[in-house]
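Reviewing the structure listed below.
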Amino acid sequence: MNAVKLNVGLDVGSTTVKMIVLDEQENIIFKDYRRHFSDIKNTVTQLLEEVKSVLGDAKLKFMVTGSAGLSLAESLGVTFIQEVVACTKAIKKYAPETDVAIELGGEDAKIMYFGTTVEQRMNGTCAGGTGSFIDQMSSLLRTDALGLNLLAQSHKEIYPIASRCGVFAKTDVQPLLNEGASKADIAASVFQAVVNQTISGLAAGKPIRGKVAFLGALCLFYLNLKNVLLLP
């Protein structure tokens, strides 16, 4: 009897680890998403232990991606695929009508323009407008990213907040808190700052038009705040 074949994808990012297992029909039979708190080795080990019962004696096609995945792929002896390339291939396969794709991770951000050729851009050393930025701003409001999302849904006003640097953003947020500004308004302003950074820093002024695909956990907030986060 032919062995069952499974596709295993492991994304080791700057702040989280994600794993998915697909059967030959691309049905999801396992998925998990967790923060590694800089303890990548133990987090991945625990995840692999948990997935063992699902994998059984199946023949595996194992691929690793993510900003912290290269050394892990080398140690496991499996294929590594650069994350921008992985995102681009996934978009072309599952959403081929996409004109622009934006992916915001824990400490990096990517934008892909699709057309006759694919233009890919990634942020540099600065983590402004990424998940870490959201975490820093959430802590100022004594909540987490999900709490920030809930707060923002009842906003009434948007304040300018620096998006390129978390330190600069704090110098904008703290006076607002001291002056009694609504936490809902500040939360929405933080998300607007992420959009501003995406447009000015990542897109660098190039128009974001047509059908836009959002990738990454941070972009989930866009779905609930589409009336707040205004892309041109």
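The sequence shown begins at 1 in UniProt numbering and counts up one residue at a time.
Each residue gets a CB set at the ideal place from its N, CA and C atoms; glycine is no exception.
Ignore the nearest five residues each way along the sequence and tell me which others in residue i's own chain have a CB closer than 8 Å to its CB.
i, result
"G147", "S138 and L141"
"K156", "S182, A184 and D185"
"Y159", "D172, L176, A181, D185, I186 and S189"
"Q82", "T65"
What span of residues does the beta strand (DSSP E) with residue i cover, start to end?
i, result
"E103", "V100 to L104"
"A213", "V212 to L215"
"L141", "Neither: L141 is in no beta strand (DSSP E) and is coded neither H nor E."
"Q120", "E119 to M122"
"V4", "Counting along the chain, V4 falls outside any beta strand (DSSP E), and DSSP gives it neither H nor E."
"Y159", "Element bounds for Y159: n/a, residue is neither H nor E."
"T65", "K59 to T65"
"D108", "Note, D108: premise wrong, no beta strand (DSSP E); not H, not E."
"R209", "Unbroken run through R209: none, as it is neither H nor E."
"F30", "I28 to R35"
As a quick exercise: from the options, pick the residue whose alpha carbon is nearest that of residue i.
i, options, result
"G66", "I208, Q25 and A109", "A109"
"I111", "E97, T88 and Y94", "T88"
"D57", "V64, I40 and A3", "A3"
"I28", "N196, Q153, I199 and V54", "V54"
"S163", "L76, L202, L48 and L151", "L202"
"I161", "F191, F214 and V78", "F191"
"K92", "G115, G77 and L76", "G115"
"A169", "N196, S154, L76 and Q153", "N196"
So, using beta-carbon positions, are residue i and residue j closer together than 8 Å?
i, j, result
"L70", "F62", "no"
"Y33", "T45", "no"
"D99", "G216", "no"
"G131", "T198", "no"
"F30", "V51", "yes"
"V84", "M122", "yes"
"residue 238", "A95", "For the chain, the structure presents residues 1 to 232; residue 238 sits outside this window and is missing."
Who are the Cβ neighbours of residue i in its own chain at under 7 Å, not counting the five residues just before and after it?
i, result
"E24", "K5"
"S14", "S67, A68, G105, G106, E107 and D108"
"A204", "none"
"R35", "T15 and T16"
"T43", "V17, R34 and H36"
Helix, strand or coil, according to DSSP, for residue i in the structure here?
i, result
"F114", "coil"
"D185", "helix"
"T130", "coil"
"L202", "helix"
"V195", "helix"
"D23", "coil"
"Y222", "Only weak support exists for where Y222 lies, its pLDDT of 49 falling under 50; the coordinates are left without a value."
"D135", "helix"
"A152", "helix"
Go through its chain and collect everything with a Cβ distance to residue i's Cβ below 6 Å, but skip five positions before and after it.
i, result
"A145", "I134 and S138"
"V8", "V21, L60 and F62"
"Q136", "G166"
"L10", "M19 and V64"
"L151", "K183, A184 and A187"
"E119", "Y113"
"V194", "G129"
Terminal residues of the continuous alpha helix (DSSP H) containing residue i?
i, result
"L177", "G166 to N178"
"V85", "E83 to Y94"
"V44", "I40 to L55"
"S71", "L70 to L76"
Hey, is residue i's beta-carbon within less than 8 Å of any beta-carbon in chain B?
i, result
"S132", "In summary, chain B is missing from the structure at hand, where a single protein chain is found."
Is residue i near the ligand ZN, in the sense that its beta carbon is under 7 Å from a heavy atom of that ligand?
i, result
"G105", "Because no ligand of any kind appears in the structure shown, any question about the ligand ZN cannot be addressed here."
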